[in-house]
Amino acid sequence: MKFLPLLLLVFVALVGDPAVARAESAPASGAVTLFTDVRVFDGVGPALSPPVNVLVRGRLIEKISAAPIPTDRRADTVIIAGGGRTLMPGLIDAHVHIFVSTCSQHDMLKPETTYEDLEAKALAEAEEMLLRGFTSVRDVGGPIFGVKRSIDAGKTRGPRIYPSGAMISQTSGHGDSRLPHEKSRRFFGHVSKGEHLGVNFIADGRDEVLTATRENLRSGASQIKLMAGGGAATAYDPLDVAQYTLDELKAAVEAADDWGTYVTVHAYTVKAVRRAVDAGVKCIEHGQLLDEATIKLLAKKDVWLSLQALDPAPPTAPAHVQVKKQSVVDGTDFAFRMARKHKVKLAWGTDFLFDPRQNERQTAEILKLRRWFTPAEALKLVTHDNAQLLALSGPRNPYPGALGVVREGALADLLLVDGDPLADLDLLAQPEKNLVVIMKDGRIHQNLLSP
């Protein structure tokens, strides 16, 4: 028994203690920021408020009032003169891969590439995400736990991260990252580079799926990600195939449910999505090749659809990859229109992979939503609605509290926009200029109004 305290210290050092991390990342309980003369987009309503004042104390929004709010003029009190600018919730991206968006697939799989190489890039990208106005993200595949702990402990800057951990894939599935010459570890081969890095698990059969799911939960996953169908941008798995049997999918759902959280799956097609719904999956990533009947089924079963407005494959991609990706692009309009028509629970994300240049366009991706939404509806989707999906993690939610809204008692993740994004959504495409204040968890990370 005398060794137990030492073992506990080692465990906390390796895995991290979420409660400790939350405490360390919080601003001093008495720290105060007062926004004066701002018009609020609250994340829900279709219009801005009249001019109001908003008081943040610690990590929470304490008061919103049209009347002046008295404050103590202490050293830790910050008063920001809004000048009629727009105060809105921080942006939320529900589908990111921070690690694998910072390098090419070729660079990731090179023998000399180390986890430390990728982590350094991921830490830098996480900070850039925050400075683009994304105060929360759901990372649906990759070894992000260390980056999350560093941010939560206040050692580095970045958004709140809802981690899935390694993507779970069957052999030959969308997450099977082996090169053509690599044999299966079960048939004379070795563990693949992607598995060594923690990007993916290749798991076949109920037992291996259970183990992979539980490994991610043990590491701190807030939700679980499985590959349930073929990929658009991958070279080896056809887009039309379904992946994982019903029993395998159920194994992950049951293990996640035992921890009070949910499974989301990568899937485009009717067969893959219907099988996932039958297994009890709570969220579908993509879904651009669904028919109307299956989209109606998602609404009936209360299953989320996490959609993206993806771009065609680059001209340098193999011809068959370009064809696959184009079919997804072509199906996007129908998916958004049918999801809106049948009132499916919608989330939005970017899903950038293996091209660091894409990351700079993260906020500009929101502008594509104008094809299906008014600016107010688009902003509601990327704030309030995405936050409802984050909350689906239940007791595994690493950041309990209200996100995606500006209201008293909510977590203080706020953007002060130089202009009215409900009238001009293009303002978000230049965060370095137009997001004059970026606040996360009550801390100011950018203040262009400061001398």
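In our numbering, each number is its position in the sequence shown, counted from 1, plus 68. The C-beta atom is built at its ideal place from N, Cα and C for all residues, glycine as well. Given the structure is predicted, the values throughout are model-derived calculations rather than measurements.
Backbone secondary structure at residue i - three-state DSSP
i, result
"Arg125", "strand"
"His163", "strand"
"His249", "coil"
"Arg274", "helix"
"Leu191", "helix"
"Val259", "coil"
"Val380", "Just to set this straight, residue 380 is Pro in the shown sequence, not Val. Pro380: coil per DSSP, three-state reduction."
"Pro424", "helix"
"Tyr336", "coil"
"Tyr183", "helix"
"Pro463", "helix"
"Val108", "strand"
"Val485", "strand"
"His242", "coil"
"Glu316", "helix"
"Lys508", "strand"
"Lys293", "strand"
"Thr203", "strand"
"Ala303", "coil"
"Lys178", "coil"
"Pro499", "helix"
"Ser218", "helix"
"Lys350", "coil"
"Val168", "helix"
"Thr145", "strand"
"Phe213", "helix"
Nearest-angstrom Cβ-Cβ length linking residue i and residue j, presumed shorter than 8 Å
i, j, result
"Leu366", "Val321", "Their Cβ separation, rounded to whole angstroms, is 16 Å, which puts Leu366 and Val321 out of contact at 8 Å."
"Gly226", "Val215", "7 Å"
"Val124", "Ala480", "4 Å"
"Ile212", "Ile166", "6 Å"
"Leu159", "Thr442", "That belief does not hold up - the Cβ atoms of Leu159 and Thr442 are roughly 17 Å apart, past 8 Å."
"Pro231", "Ala444", "In fact, because the Cβ distance is near 30 Å, the residues do not count as touching under 8 Å."
"Val309", "Val168", "The Cβ separation is near 22 Å, so there is no contact."
"His242", "Asp305", "5 Å"
Residue environment, residue i, which counts as buried when at least 16 other CB atoms sit within 10 Å
i, result
"Ala377", "buried"
"His388", "exposed"
"Gln514", "buried"
"Ala87", "Any answer about Ala87 is weak, because its pLDDT of 39 lies below 50 and its placement is not dependable; what the coordinates show is given next. Exposed, by the Cβ-count rule."
"Gly328", "exposed"
"Gly472", "buried"
"Glu92", "With a pLDDT of only 35 at Glu92, under 50, the local geometry of the prediction cannot be trusted, and the value read off the model is given with reservation. So Glu92 ends up on the exposed side."
"Val246", "According to the sequence provided, residue 246 is Arg. The question's Val does not apply to it. Arg246 comes out buried."
"His163", "buried"
"Leu373", "buried"
"Arg228", "buried"
"Thr384", "exposed"
"Thr170", "buried"
"Ser172", "exposed"
"Leu516", "exposed"
"Lys393", "buried"
"Gly209", "buried"
"Arg206", "buried"
"Ala89", "Low confidence applies here, because Ala89 scores a pLDDT of 36, under 50, leaving its location unreliable; read the following figure in that light. By the 10 Å Cβ count, Ala89 comes out buried."
"Glu193", "buried"
Residue range of the beta strand (DSSP E) that includes residue i
i, result
"Ala415", "414–416"
"Ile236", "235–237"
"Ala478", "Segment: none, Ala478 is in no beta strand (DSSP E) and carries neither H nor E."
"Pro157", "154–157"
"Leu373", "372–375"
CB contact below 8 Å: residue i versus chain D
i, result
"Trp440", "Judged by its chain identifiers, the structure shown contains no chain D, having just a single protein chain."
Start and end residues, alpha helix (DSSP H) containing residue i
i, result
"Ala367", "360–369"
"Val396", "387–409"
Q: Please determine if the region 506–518 and the region 488–496 are in contact, where contact requires at least 3 C-beta pairs separated by less than 8 Å.
A: no
**Q.** Cβ pair count under 8 Å reaching 3, the region 398–407 against the region 301–319
**A.** no
Q. Would you call the region 197–204 and the region 239–258 touching, i.e. three or more CB-CB distances under 8 Å?
A. In this structure the region 197–204 does not lie against the region 239–258, because fewer than three pairs of beta carbons, one per stretch, are closer than 8 Å.
Q.
Does the region 176–188 come into contact with the region 449–466, if we say contact requires no fewer than three beta-carbon pairs (one atom in each stretch) closer than 8 Å?
A. no
Q | Any 3 or more C-beta pairs closer than 8 Å across the region 146–163 and the region 102–114 | A | At 8 Å Cβ cutoff, the stretches touch.
Q) How do the region 460–478 and the region 287–298 stand: do at least 3 beta-carbon pairs fall below 8 Å, yes or no? A) For the pair of segments examined, the region 460–478 was found to touch the region 287–298: the number of CB pairs separated by less than 8 Å reaches three.
Q: Could you say if the region 266–282 and the region 434–451 meet the contact criterion of at least three C-beta pairs nearer than 8 Å?
A: no
Q. Okay, do the region 293–310 and the region 323–338 touch, 3+ Cβ pairs below 8 Å being the bar?
A. yes
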